[in-house]
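Asker:
There are 2 protein chains.
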Amino acid sequence: MKISELSERSGVPVATVKFYIREGMLPRGEAVSTTRAEYGDEHLARLKLIAALADVRGLPLSRVRDVLALIDAPDDDPIATLGRAVGALPPYVGAGRDDYPLARAAIAELGLTYDPDFTAVAQLDEALRALEAAGLDAAPPVLRRYSGAMRQIAAEELAPMTGMTRAEAVPYAVLGTALYEPVMLALRRLAHHHLLVEGGTPKG
Amino acid sequence: MKISELSERSGVPVATVKFYIREGMLPRGEAVSTTRAEYGDEHLARLKLIAALADVRGLPLSRVRDVLALIDAPDDDPIATLGRAVGALPPYVGAGRDDYPLARAAIAELGLTYDPDFTAVAQLDEALRALEAAGLDAAPPVLRRYSGAMRQIAAEELAPMTGMTRAEAVPYAVLGTALYEPVMLALRRLAHHHLLVEGGTPKG
């Protein structure tokens, strides 16, 4: 297809398509004359993916580039790949500390793995600090409510990966981390709404 | 306490404290002389809350102001309050459409309540569009994985509200929506990490 059709089918303006090509985020089309290049379905898929990460997920362009780089050239170690994917996603916390005491205590309590180099540890530490600052309950019984559900979800998410090749597993893990998060948060908000609508409201 | 002590104990610079007072986000201290005001524990708590929303949760200042306004003067209708709280949180989607077909179909399938005026409906629609664009599974069995867990969590979160007054319930609901989300996301990422570390890795 021509670049105009690629633009129309992806919903991405031609100027933006050209920008992604210049930035190396989208491969060039196949030159069919000095003035025209031909684009295929793989270009369309890639553009939709960039739009999902940039527009829908709201990642800054530098982070979209990080995610694409992970998919194009994954680390040999899947744990390192997961670590880099999580580092490309918000919340962007000040990492690089030696120790995260709030997260360390919670992780020990919840039976998870404490690795201060894995960005989600710093993210949990910040999140727990915010709970404390706001006077919300961050004690183990409350944390277990979330941890139990997340462990169940994570196990179901990882299960299909045992049948995948590395080339399939990396995009699945990286994109799944990025793109099921907004689904989950919207569904929690919808569940609150549904329960309030159905069940009446607390007394004032 | 003096403003200098308030600054030190909250970790918020004096100039920023003065800015929050000018913006009406933090009440003035009690004037004890023409040049000095006295601040109390309620000022400290409020500053910590602002810092949690702005710095840790990363909300833009205009959205922090929205959340504070909800807490200070909640709507009489708790469903409306929840709706406004959710509208103050990311992802900031283009709302105001008449219909959200992807979300409508999913919500019907999941047995939730479809109300196009509730922002989380637009948020779910966008999130499902991103899944489709990235070629990830958005079919009912996968959505049920998240929905079931979120419904369980939402029910446990709402349970304590039946014993609360309106003045207690609103901050609990508004801040809980905002501040347990990062905890949940960090725990999902940590569960992936833990399962990969424990269970070995898919074959490449």
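These protein sequences, in sequence, are chains A and B. Each residue of the first sequence is one higher than the one before, starting from 9 at the first, in this note's numbering. Each residue of the second sequence is one higher than the one before, starting from 9 at the first, in this note's numbering. The beta-carbon is built from N, C-alpha and C at its ideal position, and this holds for glycine as well. Owing to the predicted nature of the structure, the values given are computational and were not obtained by experimental measurement.
1) Per DSSP, which residues does Ala39(A) bridge with? Please list them.
2) Measuring straight from C-alpha to C-alpha, what distance separates Leu61(A) and Ala141(B)?
3) What in chain A is Cβ-close to Leu203(B), meaning under 7 Å?
4) Answer with yes or no whether the minimum CB distance from Lys56(A) to chain B is below 8 Å.
5) Quick one: grab the DSSP three-state call for Thr121(B).
6) Measuring only between beta-carbons, confirm whether Met158(A) sits less than 8 Å from chain B.
7) Kindly say whether Pro99(B), judged by its beta-carbon, lies nearer than 8 Å to any beta-carbon of chain A.
8) How big is the Cα-Cα spacing for Ser12(B) and Val22(B)?
9) Quick one: measure Cβ to Cβ for Leu55(A) and Ala186(A), integer angstroms, because I've assumed they're closer than 8 Å.
10) Pull out every residue of the segment 79 to 90 of chain B whose Cβ sits closer than 7 Å to any Cβ of chain A, in chain order.
11) Using 8 Å for Cβ pairs, my map puts Ala114(B) next to His201(A). What's the rounded Cβ distance?
12) For Val94(B), go through chain C and note every residue whose CB falls closer than 7 Å to its CB, in chain order.
13) At least one CB of chain A closer than 8 Å to the CB of Gly104(B): is that the case?
14) So which residues of chain B does Ile29(A) contact, with C-beta pairs closer than 8 Å?
15) Using the beta-carbon count (16 or more within 10 Å), is Ala194(A) buried or exposed?
16) Once you ignore the five residues that flank Asp145(B) on each side, which residues in its own chain have a CB closer than 8 Å to its CB?
17) What's the gap between the Cα of Met9(B) and the Cα of Asp49(B)?
18) Alpha carbon to alpha carbon, how far is Ser41(A) from Asp74(B)?
19) Thr1(B): buried (16+ other C-beta within 10 angstroms of its C-beta) or exposed?
20) Tell me whether the beta-carbon of Leu118(B) lies closer than 8 Å to the beta-carbon of Arg152(B).
21) Using a Cβ-Cβ cutoff of less than 6 Å, which residues in the same chain neighbour Glu46(A) once the five nearest sequence positions on both sides are dropped?
22) Closer than 8 Å is the cut-off here; do at least three beta carbon pairs connect the segment 81 to 91 of chain B with the segment 100 to 110 of chain B?
23) Within 10 Å of its beta-carbon, does Arg105(A) have 16 or more other beta-carbons around it, so buried, or fewer, so exposed?
24) Would DSSP call Thr127(A) helix, strand or coil?
25) Specify, as a first and last residue, the run of the alpha helix (DSSP H) that Glu31(A) falls within.
26) Give the residues from the segment 41 to 53 of chain B that approach chain A closer than 8 Å (Cβ to any Cβ), ordered along the chain.
27) Whole angstroms is fine: what's the gap from Ile79(B)'s alpha carbon to Val64(A)'s?
Answerer: Quick answer:
1) In the DSSP output, where bridge partners are listed per residue, Ala39(A) has Ala45(A).
2) Rounded to whole angstroms, the separation of the alpha carbons of Ala141(B) and Leu61(A) is 9 Å.
3) The contacting residues are Ala162, Ala163 and Leu166.
4) With 8 Å as the cut-off, Lys56(A) counts as an interface residue toward chain B.
5) Reduced to three states, the DSSP call for Thr121(B) is coil.
6) Chain B contact via Cβ: present.
7) Yes, Pro99(B) counts as interfacial toward chain A.
8) One C-alpha to the other measures close to 7 Å.
9) Taking a contact as a CB-CB distance under 8 Å, the pair Leu55(A) and Ala186(A) does not count as one, their CB atoms being some 17 Å apart.
10) For the segment 79 to 90 of chain B, which is checked against every Cβ of chain A, the residues closer than 7 Å are Pro86, Ile87 and Leu90.
11) Beta-carbon to beta-carbon, Ala114(B) and His201(A) are separated by about 14 Å, too far to satisfy the 8 Å threshold.
12) No chain C appears in this structure, whose protein chains are A and B.
13) Chain A, which has no Cβ nearer than 8 Å to the Cβ of Gly104(B), makes this no.
14) Taking a Cβ-Cβ cut-off of 8 Å, Ile29(A) has no neighbours in chain B, whose nearest Cβ is about 19 Å from it.
15) Ala194(A) should be labelled buried.
16) Here the set comprises Leu139.
17) Between the alpha carbons of Met9(B) and Asp49(B) lies a gap of roughly 9 Å.
18) If you take the alpha carbons of Ser41(A) and Asp74(B), they lie about 55 Å apart.
19) Past the edges of chain B, shown from 9 to 212, lies residue 1(B), and the structure says nothing about it.
20) Yes, these two residues count as a Cβ contact at 8 Å.
21) So the list reads Gly37, Glu38 and Val40, once near-sequence residues are dropped.
22) Using a Cβ-Cβ distance cut-off of 8 Å, the segment 81 to 91 of chain B and the segment 100 to 110 of chain B are not in contact, since fewer than three pairs of beta carbons, one from each stretch, lie closer than that value.
23) Exposed is the call here.
24) DSSP places Thr127(A) in helix when its eight states are reduced to three.
25) From DSSP, Glu31(A) is part of no alpha helix (DSSP H); its letter is neither H nor E.
26) Flagged, chain order: Ala53.
27) Using only the alpha carbons, I get a separation of about 29 Å.
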